[in-house]
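Here's the structure we're looking at; comments come further down.
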Amino acid sequence: MKTKFYFLCLSLIIVSCNSDITEETTYYLDCMECLEMSRPVDSYNYPVYPGQEKWASFRSSDEMLNALQIPVSTLKKMSTQAIIQSIWEHPLPKGIFMIGNGIYQNDFDIYFKKNNAYLALEKRNDAGEALLYRYIFVKPFAQNSPCYESKLFELLISQSVFLSQLNINLQRKIVEIAFKNDTEIQHQSKWSNTARPMTWLLIGRAMLAANYAPFMEVVNANLALKAFLEGWLPLEESAVGVTKAQQGVNYMRYQEDDMIIKDIINFGKQFINK
Numbered sequence: 074m075k076t077k078f079y080f081l082c083l084s085l086i087i088v089s090c091n092s093d094i095t096e097e098t099t100y101y102l103d104c105m106e107c108l109e110m111s112r113p114v115d116s117y118n119y120p121v122y123p124g125q126e127k128w129a130s131f132r133s134s135d136e137m138l139n140a141l142q143i144p145v146s147t148l149k150k151m152s153t154q155a156i157i158q159s160i161w162e163h164p165l166p167k168g169i170f171m172i173g174n175g176i177y178q179n180d181f182d183i184y185f186k187k188n189n190a191y192l193a194l195e196k197r198n199d200a201g202e203a204l205l206y207r208y209i210f211v212k213p214f215a216q217n218s219p220c221y222e223s224k225l226f227e228l229l230i231s232q233s234v235f236l237s238q239l240n241i242n243l244q245r246k247i248v249e250i251a252f253k254n255d256t257e258i259q260h261q262s263k264w265s266n267t268a269r270p271m272t273w274l275l276i277g278r279a280m281l282a283a284n285y286a287p288f289m290e291v292v293n294a295n296l297a298l299k300a301f302l303e304g305w306l307p308l309e310e311s312a313v314g315v316t317k318a319q320q321g322v323n324y325m326r327y328q329e330d331d332m333i334i335k336d337i338i339n340f341g342k343q344f345i346n347k
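Okay, structure coming up:
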């Protein structure tokens with residue numbers, strides 16, 4: 074019921090901004106099914122969304138980003154969950170998974186390092202716990218297809234600035250949730266190659282944040298694993314200008330039985346069972 078009410082509210086917001094509702098806008102609303110928690114009452118309502126007439130008038134990504142910037146004065150009045158919600162609802166970040174260059178951390182930085190909402194979240198002392206709480210309610214799939222918001226959220230929570238705010242028990246909790254999601258993803262074999270690596274990335278980064286000694290020893294001795302944890306996720310073709318070690322990682326189509334992933338999974342299970 075809460076989820077349906079949320080969709081109704083968001084639909085009314087968009088209609089009130091512009092009645093030009095297209096398939097692209099509808100798709101954006103459908104992706105919100107990946108979150109099973111109520112929308113914070115002090116959430117920000119973006120003035121424009123993909124598919125609207127005003128959106129089509131933008132001639133550059135900078136114009137789009139500027140139109141979606143939340144005023145700093147507004148952010149100061151928003152709760153931490155409302156700020157996270159504004160990142161979740163941001164129309165542009167799903168492009169990180171559509172660019173196709175596989176350098177996801179780099180693309181994340183491009184989208185967020187100048188984003189007022191993200192910069193405000195970095196300054197919140199409760200951001201790590203707020204992200205963990207939300208992670209409990211995030212679903213990896215919507216209508217039997219990968220949820221870009223879900224994958225982006227795992228990349229968001231995997232940032233060291235947030236993981237480092239948590240004690241080791243909460244870091245373990247994140248890994249437990251990630252394994253639960255990974256099990257669910259395995260049942261959707263059609264999407265496993267594209268959906269699972271981001272979950273593995275989060276598991277690995279949580280262990281890094283905890284400075285889990287057995288895993289750290291392996292990471293320091295394995296350049297390919299280190300590159301993976303830095304955000305170089307799988308590619309079918311190599312990106313231009315990357316190092317030889319990074320190219321080696323990018324050419325791989327990661328599977329559960331790859332040595333890099335085996336290390337993350339095996340050490341991850343040890344980490345939560347200690």
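With our numbering applied, the sequence shown covers 74 to 347. Note that beta-carbon positions come from the ideal geometry of N, C-alpha and C, so glycine has one too. Quantities reported herein were computed from a predicted structural model and do not represent experimental measurements.
- With contacts defined by Cβ atoms closer than 9 Å, residue 188 and residue 304 do not form a contacting pair.
- Within 10 angstroms of the beta-carbon of residue 211 lie 16 or more other beta-carbons, which makes it buried.
- The region 130-143 makes no contact with the region 243-257; the number of CB pairs closer than 8 Å stays below 3.
- When rounded, the separation of the alpha-carbon atoms in residue 196 and residue 148 is 11 Å.
- Taking each of 224, 206, 158 and 177 in turn and checking the Cα distance to residue 193, the smallest one comes out for 158.
- In terms of Cβ geometry, residue 228 and residue 201 do not form a close pair [threshold 9 Å].
- Contact check for residue 151 against residue 115 passes: the beta carbons are separated by less than 9 Å.
- A direct Cα-Cα distance of roughly 43 Å separates residue 125 from residue 337.
- When the five nearest sequence neighbours on each side are left out, the beta carbons in the same chain lying within less than 6 Å of the beta carbon of residue 234 are those of 195, in order along the chain.
- For residue 209, the number of other beta carbons within 10 angstroms of its own is below 16, and it is reported as exposed.
- For residue 225, the three-state secondary structure derived from DSSP is helix.
- The C-beta separation of residue 141 from residue 164 comes to about 7 Å, placing the pair in contact by the 8 Å criterion.
- Within the same chain, 153, 154, 157 and 197 come within 8 Å of residue 203 by CB-CB distance, once the 5 residues on both sides are set aside.
- The beta-carbon distance between residue 274 and residue 231, rounded to whole angstroms, is 6 Å. This is short enough to meet the 8 Å contact definition.
- Counting only the Cα atoms, residue 300 lies some 18 Å from residue 286.
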